[in-house]
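Participant:
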Amino acid sequence: MKTQDLKHHYNQEDHNCKQINLSQVDLVWSNLSEVNLSKANLQQAQLSSAILKKANLQQANLQGANLRAADLRETNLSGANLRGADLGQADLINTNLSGADLTGANFSEAVFSQVNLRNAQLKQANLQGINLKQADLSGADLTDANLTGTNLEQANLVGAKLP
């Protein structure tokens with residue numbers, strides 16, 4: 037699907053692109069703020085520098101997606117598949133990643149604040165040097181994750197599996 041096809045499927049009134057297939061689509065620099073992309077297929081999509089502020093990506097497939105430097109503030113990514121996704125330099129302030137599969141994801145230089153990572157799968161994720169102060173990591177699986185230099189001050193780690 038090409039970017040102009042997205043405009044055809046996009047309903048301006050309700051911002052609804054639920055379950056749309058955007059696998060491997062180039063959406064670099066796209067503004068998808070407040071769009072409903074729940075259960076959408078965005079596998080290996082190019083979303084670097086995209087604006088997804090307040091978007092609904094609940095249970096979306098973003099496996100292998102490039103979200104480098106994307107604006108994901110206040111975005112709902114609960115239950116999403118982000119295995120192997122690149123979220124380096126992404127803005128994840130007040131983002132809901134509860135129950136998301138972030139296995140092998142890259143978060144280098146990402147901005148975190150008030151992030152919900154409850155019950156998230158973070159196995160082998162790169163969280164090196166990330167500030168997770170006051171983050172909710174309860175029940176999260178951090179097996180083999182790179183936490184070198186990561187700030188976990190006041191983070192909720194109840195029931196979390198640490199490396």
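The sequence shown begins at 37 in my numbering and counts up one residue at a time. Here a beta-carbon is modelled for each residue, glycine too, at the ideal position from N, C-alpha and C. These numbers come from a predicted model, not from an experiment.
Is LEU56 helix, strand or coil by DSSP?
Facilitator: Residue 56 is actually Ile in this sequence, not Leu. Here ILE56 sits in coil by DSSP.
Participant: Would you kindly report the start and end of the unbroken beta strand (DSSP E) that includes PHE148?
Facilitator: Per DSSP, PHE148 belongs to the beta strand (DSSP E) from 147-149.
Participant: Does DSSP put MET37 in a helix, a strand or coil?
Facilitator: Annotation note: pLDDT 42 at MET37 (below 50); position unreliable, coordinate value reported separately. Residue state, collapsed to three classes: coil.
Participant: Classify ASN67 as buried or exposed, calling it buried when 16 or more other Cβ atoms lie within 10 Å of its own Cβ.
Facilitator: Exposed, by the Cβ-count rule.
Participant: Give the DSSP-derived three-state secondary structure of LEU128 in the structure shown.
Facilitator: LEU128: strand per DSSP, three-state reduction.
Participant: Mark VAL194 as exposed unless 16 or more other C-beta atoms lie within 10 angstroms of its C-beta, in which case mark it buried.
Facilitator: It is exposed - the Cβ of VAL194 has fewer than 16 other Cβ atoms within 10 Å.
Participant: Curious, which full-length beta strand (DSSP E) runs of at least 3 residues does the region 64-137 contain?
Facilitator: Segments of the beta strand (DSSP E) lying fully in the region 64-137: 127-129.
Participant: CA-CA distance, LEU178 and ASN57?
Facilitator: Their Cα atoms are separated by approximately 30 Å.
Participant: Note down, in chain order, each residue of its chain lying with its Cβ closer than 7 Å to the Cβ of LYS75, except the 5 sequence neighbours on either side.
Facilitator: Only LYS54, GLN55, GLN95 and ALA96 meet the Cβ criterion.
Participant: How should GLY140 be labelled, buried or exposed, when 16 other C-beta atoms within 10 angstroms of its C-beta is the threshold for buried?
Facilitator: Flag for GLY140 reads buried.
Participant: Keeping to the same chain, check which residues put their C-beta closer than 8 Å to that of ALA196; ignore five residues upstream and five downstream.
Facilitator: So the list reads LEU173, SER174, GLY175, ALA176, ASP177 and LEU178, once near-sequence residues are dropped.
Participant: Name the DSSP beta bridge partners of LYS197, please?
Facilitator: In DSSP, LYS197 forms a bridge with ASP177.
Participant: Please report the distance separating the alpha-carbon of ASN117 from that of ASN92.
Facilitator: If you take the alpha carbons of ASN117 and ASN92, they lie about 13 Å apart.
Participant: Alpha carbon to alpha carbon, what distance is there between ALA171 and LYS38?
Facilitator: Confidence in LYS38 is poor, its pLDDT being 44 and thus under 50, which makes the residue's placement unreliable; the coordinate value appears in the next sentence. Between LYS38 and ALA171, the C-alpha separation is close to 37 Å.
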